[in-house]
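A.B. asks: Please find one structure pasted underneath; my questions will follow.
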Amino acid sequence: MIPLKYNVRNLRVRWVTTLMTVIGTGLVVWASVLSFGLTDGLEHALRITGHDLDLIVLRKGSTDETSSGIEQKTASEIAALDGIARDANGQPLCSVEFVTNLTKPRRGDGGTTNLIIRGLEPVGRSLRPDFKIVQGRDVRPGLNEVITSERMAQRFQNLAIGEKLEINQVNFEVVGYFESAGSAAESEVWSDTRDLTNARRTPGAVSSVNLRARDADARDALIKRITDDKQFQLSVIRETAYFEEQMSASLAIKVIGYVIAAFLTFGAMFAAANTMYAAVASRSREIGTLRALGFPQSSILMSFLLESVLLCLMGGLLGCLATLPFNGLSTGTANWATFSEVTFSFRFGPNVLAQGVLMALIMGMLGGIFPAVRAVRLNIIKALREQ
Amino acid sequence: MGDAVRSGEKVVSVQNVFKEFRRDQNSIPVLRGINVELDACEYLALMGPSGSGKTTLLNLIAGLDRPTSGNVIVCGQNLGQTSEGDLARWRSRHIGFIFQLYNLIPVLTAYENVELPLTLTPLNRRERDEHVKAALQVVGLADRMDHYPRQLSGGQEQRVSIARAIATDPTLIVADEPTGDLDAKSASEILDLMQRLNTEFEKTIVMVTHDPAAAARARRTLHLEKGVLVNDVSSAR
Amino acid sequence: MKSLKYIWRNITRNRLRTVLTVLSVGFSLSLMTVLYGYMEAQESWGTEAAKYNRIVVMNIQGFFGQLPISSVEKIRNVDGVRAAVPYAWYGGTYQDKPMPFAQFATDASQAFQVWDEYKLPPEQLKAWQENRQGCVVDRRLAERWGWKIGDRIPLKGTSYQFDLDLQLSGIFDSPKNTDSLWFHWIYLDEGLQQMNAPVTGNAGTVFAKIESSDAIPGVIKVVDERFASSDNPTRSQTEAAFAQMFTDMLGNIQAYIRNIGLAVVFSLSLVAANAMAMSMRERVTEIAVLKAIGFSKGRVLGLILGESCLIAMLGGLFGVGVGCAFLQVLHIGIPQFFPFPIMEMIGPWTGAGLLVAAGIGLVSGLVPAVRAAQLSVIDGLRRVV
Chain A
18 MIPLKYNVRN LRVRWVTTLM TVIGTGLVVW ASVLSFGLTD GLEHALRITG
68 HDLDLIVLRK GSTDETSSGI EQKTASEIAA LDGIARDANG QPLCSVEFVT
118 NLTKPRRGDG GTTNLIIRGL EPVGRSLRPD FKIVQGRDVR PGLNEVITSE
168 RMAQRFQNLA IGEKLEINQV NFEVVGYFES AGSAAESEVW SDTRDLTNAR
218 RTPGAVSSVN LRARDADARD ALIKRITDDK QFQLSVIRET AYFEEQMSAS
268 LAIKVIGYVI AAFLTFGAMF AAANTMYAAV ASRSREIGTL RALGFPQSSI
318 LMSFLLESVL LCLMGGLLGC LATLPFNGLS TGTANWATFS EVTFSFRFGP
368 NVLAQGVLMA LIMGMLGGIF PAVRAVRLNI IKALREQ
Chain B
2 MGDAVRSGEK VVSVQNVFKE FRRDQNSIPV LRGINVELDA CEYLALMGPS
52 GSGKTTLLNL IAGLDRPTSG NVIVCGQNLG QTSEGDLARW RSRHIGFIFQ
102 LYNLIPVLTA YENVELPLTL TPLNRRERDE HVKAALQVVG LADRMDHYPR
152 QLSGGQEQRV SIARAIATDP TLIVADEPTG DLDAKSASEI LDLMQRLNTE
202 FEKTIVMVTH DPAAAARARR TLHLEKGVLV NDVSSAR
Chain C
112 MKSLKYIWRN ITRNRLRTVL TVLSVGFSLS LMTVLYGYME AQESWGTEAA
162 KYNRIVVMNI QGFFGQLPIS SVEKIRNVDG VRAAVPYAWY GGTYQDKPMP
212 FAQFATDASQ AFQVWDEYKL PPEQLKAWQE NRQGCVVDRR LAERWGWKIG
262 DRIPLKGTSY QFDLDLQLSG IFDSPKNTDS LWFHWIYLDE GLQQMNAPVT
312 GNAGTVFAKI ESSDAIPGVI KVVDERFASS DNPTRSQTEA AFAQMFTDML
362 GNIQAYIRNI GLAVVFSLSL VAANAMAMSM RERVTEIAVL KAIGFSKGRV
412 LGLILGESCL IAMLGGLFGV GVGCAFLQVL HIGIPQFFPF PIMEMIGPWT
462 GAGLLVAAGI GLVSGLVPAV RAAQLSVIDG LRRVV
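Residue numbers (the numbering used here), protein chains in the order written: chain A, 18 to 404; chain B, 2 to 238; chain C, 112 to 496.
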């Protein structure tokens, strides 16, 4: 083994080239990790929303809540079914909900987009992960009030506490902010079911029923019971699957992310190869000397490969570090499944960062292998004669 | 000291060696039927005009190259029949190199340069340290061991290179124009040092040189011309 | 252009390095081409739409609000409106594929007056108007699915409870691929009424053709005022503004893509500059010789900038080429995200890729070129000798 310090010092000696290559690969890793973090944030928001025992009941043929409609009578029958979990007070964990969409302007000059407004009863809150009011208070029925997440308040006009959101010419006052573990619920505005359906002039309308099964067996039985019932004409989806399905909404972003990463990896790989070829060319005599001293070809190969990997890894780490200021930064995009805004935060977890480092490794390996092979194939005698 | 080369056994045995280089379609003969034998502790100078094949012969003896035909047996190893990888291992054990342009690794200090061939041996860090310091002591540069090559003069660089050549305690030292790039004073110092290696440390040395003054220090001088041995003089020193 | 030959020789001297630099610039620029192509595709509907003097009327609450069918007639009666039709998104599945293409419920009597740039043979239009379950599709859509006139196209509703059993009556040609199927609004609505669906008589949105672009602001004002005090106030906008709403929905993603593009260009400049600097370092003596035999500073500067620009431009050509090819592949693979074939998309933005390449060439060559121009002849000659 040729000592590692040989490579480190060589990188240091031609520091301008090293720095430029490191910044080049760093930017490339940065851009890719940023897009991975974006996708991961979006998927995390959707994934954390799904609870394994939760079911969503929709009208047959419907694929999402906004396009679903259920009769109120049917909804009450579902609530009475056996196998639904109960809370501490013996209330069934079954929430009859009304979901609608509004086109509203974003703050700043962000254009307009669609906003999910959900009407639900108090029990619905216990079906959301870690629901809690963090500022202001919860809505009181009959007063035309709404609550939302702080993230939404920052993104949309008229959604800050004290401001009024107009729904079909009825003003709803924002009275509080809630949190729900960063789940998709934080992309919504919540109101009282009756207030909302009245404003929408569809009193008594129900979009979906959300419920939690007692256990896995009860869940499967409920699915069978509801699906098989010819009167109901309903479809029931496990919440995890429902949000899994919506993740296809992030497909476009994901595809873009991976396309970016793939193209950039290639681009940076060639850059690394260039740098390493130059290194090999300018060090032919050294390579000849090392070979003469008795270092085997494998050592030379490893040494140059290692140098290339080291070079790219520095870029990779730099790129990963540069994404940290974006960690937790919230953003939003269209969820095409619900045709509305979904807000989420960039997430740079170990997985995402590992992908960035892996990219750097691949760049280093692929970019270094050909120059390293060239170094190995140098004829010792000719190499020793190089200037 | 020294490898298990018993006296009486030849350190180098070059038997009827031919070497041709191929350039495009033509093959150019460089060595044409060379026979040389070297005993332990010999100090041989190879002389001859440019293109006479002296460096090629040196490369063959050093195991950097293989003959087109004939045998080169050095330290008991027939180099023509040894694979690349085995040759590399063999060189690290038996050969010390001294180059005209020193060929020190510019990013490593004097100490690290001398240590470099030792990393190919099974010696541990402490043992390597002893060897490096001993070798630098021999060449008189123990106080410069933390200097980088560019901080040394040409003569000093060549002394580091000699320290590197002897650090692994090889049987044979090959030198290609060791004084070719040095002023007269430094050259003389280097030649003194090499003579010491031969007499005091009983190293077998093969040296290619243009310089009659350098050749005069050797015990034996071979003259090559157009790939053929023309003269073999042993000085009775 | 005597120097061009010398520049070319220099470029081909270290072929490997040139090829690697070209590939490196090329791959990253092809990425930019794909990203900007994607955005161009998103925006092209809007830019295209501005030409045709159409407005879109929808419920002020947005896509999910309702617009009674009677409003179509009211809009037709507004001065300046040439034709108006309901236009409701059906969003059904075909062969169990969700969102296989766009499906709209509209009115056959005026659809081809609203979209008068779409061409449908008169006998096919007549056939469609006479067949209650008839539908017409974009030619490219028909080709994609291999439909022929008379074929049955069953669609299953997702947001509507009523499934459609359509028959292909006609195939229309449009300037850009619309990926759309049109059927009779009345067929859908009667079906919904029979099933006692909660919502019937909903036109969704109304598209109207206006006589001239000058008349548009007036019509928008009149329409919105007429419905302001009804149960369903409206928001009318030009088709271009309507298209912008979809782009807006993507939110910051656009800005984010643009920023990534910038970062990539910046990193590319570094990479190319690096390669250029490496070449220059190896050629110091040569440059000194050039100056010794009488090349002026300016000429040396030009030679080196010319070289870096040419290399970057080669990368640009390669990149834009690969990017366009990739866009075409994406168009075939996932047409829902890339609705246009590349031939319909090539425009000024493609040239921008080449311009960026030239810019990268200039920036990357600048430092090495200035250093070479300022190199002292004596130093340069001594450095290697």
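A virtual CB, placed ideally from N, CA and C, is assigned to each residue, including glycine.
(1) Can you list the residues of chain A that D342/C reaches, using a CB-CB cut of under 8 angstroms?
(2) Which of the three DSSP states is assigned to D245/A in this structure?
(3) Using only CA atoms, which one of T91/A, L75/A, A377/A lies nearest to S325/A?
(4) Span of the alpha helix (DSSP H) holding V33/A?
(5) Using only alpha-carbon positions, find the residue among R220/B, A215/B, H224/B that is nearest to Y44/B.
(6) Examine the Cβ distances between the stretch 461 to 474 of chain C and the stretch 247 to 267 of chain C and report whether three or more of them are shorter than 8 angstroms.
(7) From I95/A to S347/C, what distance separates their C-alpha atoms?
(8) Would a C-beta distance cut-off of 7 angstroms place V247/C and S280/C closer than the cut-off?
(9) Only counting the same chain, and skipping five residues up and downstream in sequence, which positions put a Cβ closer than 8 angstroms to that of L375/A?
(10) Drop a sphere of 10 angstroms on the beta-carbon of P232/C, count the other beta-carbons inside from all chains shown, and report buried for 16 or more, exposed for fewer.
(11) Look at the alpha carbon of G148/C and the alpha carbon of A285/A, and state the distance between them as a whole number of angstroms.
(12) Using a Cβ-Cβ cutoff of less than 6 angstroms, which residues in the same chain neighbour H148/B once the five nearest sequence positions on both sides are dropped?
(13) Please return the same chain residues whose Cβ sits closer than 6 angstroms to the Cβ of Y367/C, not counting the five positions on each side in sequence.
(14) Using 7 angstroms as the limit for Cβ to Cβ distance, is L119/A near chain C?
(15) What distance in whole Å lies between the Cβ atoms of V15/B and I35/B, which are believed to be in contact at a cut-off of 8 angstroms?
(16) What separation, rounded to the nearest whole angstrom, lies between the Cα atoms of F173/A and D212/A?
(17) Under 7 angstroms, Cβ to Cβ, is there at least one residue of chain A near V496/C?
(18) Do the CB positions of L39/B and G64/B come within less than 7 angstroms of each other?
(19) According to the neighbour-count rule (16 or more other Cβ atoms, all chains shown, within 10 Å of its Cβ), is Q485/C buried or exposed?
(20) At the level of alpha carbons, what is the spacing between R410/C and N385/C?
(21) Relative to chain A, which residues along the stretch 167 to 182 of chain C have a C-beta separation below 7 angstroms, given in chain order?
(22) At least one CB of chain A closer than 7 angstroms to the CB of A1/B: is that the case?
(23) Using 7 angstroms as the limit for Cβ to Cβ distance, is P106/C near chain A?
(24) Whose Cβ in chain C lies nearer than 7 angstroms to the Cβ of G86/A?
(25) For S225/A, which residues does DSSP report across the bridge?
(26) In angstroms, rounded to a whole number, what distance separates the CA positions of A97/A and E138/A?
(27) Beta-carbon of I397/A versus every beta-carbon of chain B: anything under 7 angstroms?
(28) Taking S197/A and T360/A to be in contact with their CB atoms under 8 angstroms, please state how far apart those CB atoms are, rounded to whole angstroms.
(29) In whole angstroms, what is the alpha-carbon distance linking V88/C and I243/A?
(30) Residue ranges of each beta strand (DSSP E) run of no fewer than 3 residues wholly in the stretch 181 to 239 of chain A, ordered along the chain?
(31) Whose Cβ in chain B lies nearer than 8 angstroms to the Cβ of L310/A?
(32) How should A5/B be labelled, buried or exposed, when 16 other C-beta atoms within 10 angstroms of its C-beta is the threshold for buried?
(33) For a cutoff of 7 angstroms on Cβ pairs, would you count A400/A as touching chain C?
(34) For a test of the three-state rule: what should DSSP assign to V496/C, helix, strand or coil?
(35) Flag I106/B as yes if its beta-carbon sits less than 7 angstroms from any beta-carbon of chain D, otherwise no.
(36) Measure the alpha-carbon distance for M454/C versus S84/B and round it to whole angstroms.
C.D. replies: If we stick to the structure as given:
(1) Within the third sequence, numbered from 1, the residue matching residue 342/C stands at position 231. Per Cβ cutoff of 8 angstroms: R218.
(2) Residue 245/A sits at position 228 when you count from the first residue of the first sequence. Residue state for D245/A is assigned as helix, using DSSP reduced to three classes.
(3) On the first sequence, residue 325/A is found 308 positions in, with the first residue counted as 1. Measuring from the Cα of S325/A, the nearest candidate turns out to be A377/A.
(4) Against the first sequence, residue 33/A aligns to sequence position 16. Residues 32 to 66.
(5) The sequence position of residue 44/B within the second sequence is 43, counting from 1. Distance check between Y44/B and each of R220/B, A215/B, H224/B places R220/B closest, using alpha-carbon atoms only.
(6) The answer is no - the stretch 247 to 267 of chain C does not touch the stretch 461 to 474 of chain C, with fewer than three Cβ pairs under 8 angstroms.
(7) For the purposes of this step, residue 95/A is taken as the residue at position 78 of the first sequence. For the purposes of this step, residue 347/C is taken as the residue at position 236 of the third sequence. Distance from the CA of I95/A to the CA of S347/C, rounded to the nearest whole angstrom, comes to 41 angstroms.
(8) As a position in the third sequence, residue 247/C is number 136, starting the count at 1. As a position in the third sequence, residue 280/C is number 169, starting the count at 1. In this structure, the beta-carbon distance from V247/C to S280/C falls below 7 angstroms.
(9) Stepping through the first sequence from its first residue, residue 375/A is reached at position 358. Excluding positions up to five away in sequence, the list is empty.
(10) Translated into the one-based positions of the third sequence, residue 232/C becomes position 121. It is exposed - the Cβ of P232/C has fewer than 16 other Cβ atoms within 10 Å.
(11) Within the third sequence, the letter at position 37 stands for residue 148/C. Within the first sequence, the letter at position 268 stands for residue 285/A. CA-to-CA, the gap between G148/C and A285/A works out to about 22 angstroms.
(12) Indexing the second sequence from 1 puts residue 148/B at position 147. Result list for H148/B: A111, in chain order.
(13) Here the question's residue 367/C lines up with position 256 in the third sequence. Excluding the 5 residues flanking it on each side, Y367/C has no same chain C-beta neighbour closer than 6 angstroms.
(14) Here residue 119/A is taken as the residue at index 102 of the first sequence, counted from 1. By this cut-off, L119/A is an interface position.
(15) If you number the second sequence from 1, residue 35/B lands on position 34. If you number the second sequence from 1, residue 15/B lands on position 14. About 6 angstroms; that satisfies the 8 angstroms criterion.
(16) Counting from 1 along the first sequence, the entry for residue 173/A is found at position 156. Counting from 1 along the first sequence, the entry for residue 212/A is found at position 195. The alpha-carbon atoms of F173/A and D212/A are separated by roughly 21 angstroms.
(17) Numbered from its first residue, the third sequence carries residue 496/C at position 385. Confidence is the limiting factor: at V496/C the pLDDT is only 39, short of 50, which leaves the residue's position unreliable and the question unanswerable from this model.
(18) Position 38 of the second sequence, counting from 1, holds the residue named residue 39/B. Position 63 of the second sequence, counting from 1, holds the residue named residue 64/B. Going by C-beta atoms, L39/B is not nearer than 7 angstroms to G64/B.
(19) Within the third sequence, numbered from 1, the residue matching residue 485/C stands at position 374. Residue environment for Q485/C: exposed (fewer than 16 other C-beta atoms within 10 angstroms of its C-beta).
(20) By 1-based counting over the third sequence, the position of residue 410/C is 299. By 1-based counting over the third sequence, the position of residue 385/C is 274. For R410/C and N385/C, the gap between their C-alpha atoms comes out near 22 angstroms.
(21) Close to chain A, meaning a Cβ-Cβ distance shorter than 7 angstroms, are the following residues of the stretch 167 to 182 of chain C: Q172, G173, F174, F175.
(22) Residue numbering for chain B in the displayed model covers 2 to 238; residue 1/B lies beyond these limits and cannot be assessed.
(23) The structure shown has nothing for residue 106/C, since chain C only spans 112 to 496.
(24) Stepping through the first sequence from its first residue, residue 86/A is reached at position 69. Those within 7 angstroms of G86/A in chain C are P309.
(25) Counting from one through the first sequence, the residue named residue 225/A turns up at place 208. The partner list for S225/A (beta bridge, DSSP) reads E114/A.
(26) By 1-based counting over the first sequence, the position of residue 97/A is 80. By 1-based counting over the first sequence, the position of residue 138/A is 121. A97/A and E138/A have their alpha carbons spaced roughly 16 angstroms apart.
(27) Position 380 of the first sequence, counted from the start, is the residue given in the question as residue 397/A. By this cut-off, I397/A is an interface position.
(28) Sequence index remark: in the first sequence, residue 197/A carries index 180 (1-based). Sequence index remark: in the first sequence, residue 360/A carries index 343 (1-based). Under the criterion of beta carbons closer than 8 angstroms, S197/A and T360/A do not qualify as touching, at roughly 12 angstroms.
(29) In the structure as shown, chain C starts at 112 and stops at 496, and residue 88/C therefore has no counterpart that could be examined.
(30) Taking only runs of at least 3 residues, the beta strand (DSSP E) segments lying wholly in the stretch 181 to 239 of chain A are 181 to 184, 187 to 196, 205 to 208, 225 to 229.
(31) As a working note, residue 310/A is residue 293 in the first sequence. Against chain B, a Cβ distance below 8 angstroms from L310/A picks out R92, S93, F98, L117, P118, L121, R165.
(32) Along the second sequence, read from residue 1 onward, the residue named residue 5/B stands at position 4. Only weak support exists for where A5/B lies, its pLDDT of 44 falling under 50; the coordinates are left without a value.
(33) In the first sequence, the residue the question calls residue 400/A occupies position 383. No, its Cβ sits nowhere closer than 7 angstroms to a Cβ of chain C.
(34) Here residue 496/C is taken as the residue at index 385 of the third sequence, counted from 1. The predicted model places V496/C with a pLDDT of 39, which falls under 50 and marks its position as unreliable; any figure quoted below should be read in that light. Here V496/C sits in coil by DSSP.
(35) No chain D is part of this structure, whose protein chains are labelled A, B and C.
(36) If you number the third sequence from 1, residue 454/C lands on position 343. If you number the second sequence from 1, residue 84/B lands on position 83. Taking the straight line joining both Cα atoms gives about 59 angstroms.
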